[in-house]
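Participant:
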Amino acid sequence: MNIREALANRILVIDGAMGTMIQRHKLTEADYRGERFKNWHTDVKGNNDLLCITKPDIIIGIHKLYLEAGADIIETNTFSSTVIAMADYEMQSLAYELNVAAAKCARTAADEYTAKDPSKPRFVAGAIGPLNKTLSLSPDVNNPGFRAVSFDEVVDAYYEQVKGLVDGGVDVLLVETIFDTLNAKAAIFAIKKYFRDLGKSELPVMISGTITDASGRTLSGQTLEAFYTSVMHAKPLSIGLNCALGAAEMRSHIEELSQISACYTSAYPNAGLPNAMGEYDEQPHETAHFIEEWAKEGFVNIVGGCCGTTPDHIKHIAQHVQHLQPRALPVLETAL
Numbered sequence: 040m041n042i043r044e045a046l047a048n049r050i051l052v053i054d055g056a057m058g059t060m061i062q063r064h065k066l067t068e069a070d071y072r073g074e075r076f077k078n079w080h081t082d083v084k085g086n087n088d089l090l091c092i093t094k095p096d097i098i099i100g101i102h103k104l105y106l107e108a109g110a111d112i113i114e115t116n117t118f119s120s121t122v123i124a125m126a127d128y129e130m131q132s133l134a135y136e137l138n139v140a141a142a143k144c145a146r147t148a149a150d151e152y153t154a155k156d157p158s159k160p161r162f163v164a165g166a167i168g169p170l171n172k173t174l175s176l177s178p179d180v181n182n183p184g185f186r187a188v189s190f191d192e193v194v195d196a197y198y199e200q201v202k203g204l205v206d207g208g209v210d211v212l213l214v215e216t217i218f219d220t221l222n223a224k225a226a227i228f229a230i231k232k233y234f235r236d237l238g239k240s241e242l243p244v245m246i247s248g249t250i251t252d253a254s255g256r257t258l259s260g261q262t263l264e265a266f267y268t269s270v271m272h273a274k275p276l277s278i279g280l281n282c283a284l285g286a287a288e289m290r291s292h293i294e295e296l297s298q299i300s301a302c303y304t305s306a307y308p309n310a311g312l313p314n315a316m317g318e319y320d321e322q323p324h325e326t327a328h329f330i331e332e333w334a335k336e337g338f339v340n341i342v343g344g345c346c347g348t349t350p351d352h353i354k355h356i357a358q359h360v361q362h363l364q365p366r367a368l369p370v371l372e373t374a375l
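Heads up, this note's numbering is the position in the sequence shown plus 39, with the first residue counted as 1.
1. When DSSP builds the beta bridges, which residues end up paired with Y197?
2. How many angstroms separate the CA atom of I299 from the CA atom of T251?
3. Using DSSP with H/G/I as helix, E/B as strand and the rest coil, what is M57?
4. Relative to the C-alpha of T348, which residue among E241, L296, E44 and I53 is closest?
5. Just the C-alpha distance for P365 and G285, rounded to the nearest angstrom, thanks.
6. Which residue's Cα is closest to the Cα of I167: G100, T262, T216 and T249?
7. Is D88 closer than 7 Å to N116 when the C-beta atoms are compared?
8. Under the three-state reduction of DSSP, which class applies to A225: helix, strand or coil?
9. Quick check: the Cα distance between K202 and V214, rounded to an integer number of angstroms?
10. Classify N41 as buried or exposed, calling it buried when 16 or more other Cβ atoms lie within 10 Å of its own Cβ.
11. With a CB to CB cut of under 7 Å and the five nearest residues on each side skipped, what residues in its chain are close to E372?
12. How about the region 183 to 200 and the region 237 to 254: do they share at least three Cβ pairs that are nearer than 8 Å?
13. Which residues in the same chain as T67 place their Cβ atom closer than 8 Å to its Cβ, once the five residues preceding and following it in sequence are excluded?
14. Could you give the distance in angstroms between the alpha-carbon of M245 and the alpha-carbon of G279?
15. Please report the straight-line C-alpha distance between F218 and R75, rounded to a whole angstrom.
16. According to DSSP, is R63 helix, strand or coil?
17. Report the start-end ranges of each alpha helix (DSSP H) in the region 118 to 144 that is 4 residues or longer and not cut off at the edges.
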């Protein structure tokens, strides 16, 4: 059973936060470095993607906790695995290797759980993050026309990431936490170019944007409908929202998206809004209650959690939606 077949039958559950779970291990600088990067010339603590190479057992273990909780889709630990983002640690040369390693970690865990219950296949989504540089906004308030990176550079960075994820064995590519649609367009272009260059059939693509505040817009200024219109040329498997908002704040946007989307819809909110200490207090049963309501209203096809969510959040979400019907695709889907 492939992911399209699974989505036609039920609501799928995507995993929760990776960073939240890594923090629980209280890793030191030496843990991040491992033996291979013992003498690396810059600090690397906080480079969570590097753990796919130096501490793969920890990453595989986190994936398994989410699978055990009921996740159907697990994301690779590759949110920052591009030459652009890895420049923060002067590890640009590792970008391809990081993606392959992360995909293999997730593949190992997913295959183990699929083998346990072949009637419920588990899928690996190659996580493609938004980058730490933006194509739409200037980082210099005195020079609005300045850009820290070019479109071609972003495409090249994403192309290398896509290659690593595909070589590592992912089932689907997930362009997520999109705050700048132009960055997302570069990712989409890179994906299309990669498969065209290789003459291969494309993997399904999931797209997930981020509404950053109460205005209902992305950071680069688009309304939800404008964002949707801007990326639908990619003919994605799903389009949705994640991050920035808790489920309570995200509800109206998910409802709107469900009404305009010609493809499947996804939603994985944070565990509420962060408190004064930057931590997330929303309890698993609270998050699950919100998402259960969305499912009953017919808003969603894929649900899960983002910042602050844990395997316990995912367990509650999975239990609350397991017997509910997925959102039906509109008839106009056939025109795409």
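Just so it is clear, CB atoms sit at the ideal spot from N, CA and C, and this is done for glycine as well.
Facilitator: Quick answer:
1. None, per the DSSP bridge assignment.
2. 20 Å
3. coil
4. I53
5. 21 Å
6. T216
7. yes
8. helix
9. 14 Å
10. exposed
11. Confidence is the limiting factor: at E372 the pLDDT is only 44, short of 50, which leaves the residue's position unreliable, though a coordinate-based value still follows. Closer than 7 Å at Cβ, skipping near neighbours: A301 and C302.
12. no
13. K84
14. 8 Å
15. 34 Å
16. coil
17. none
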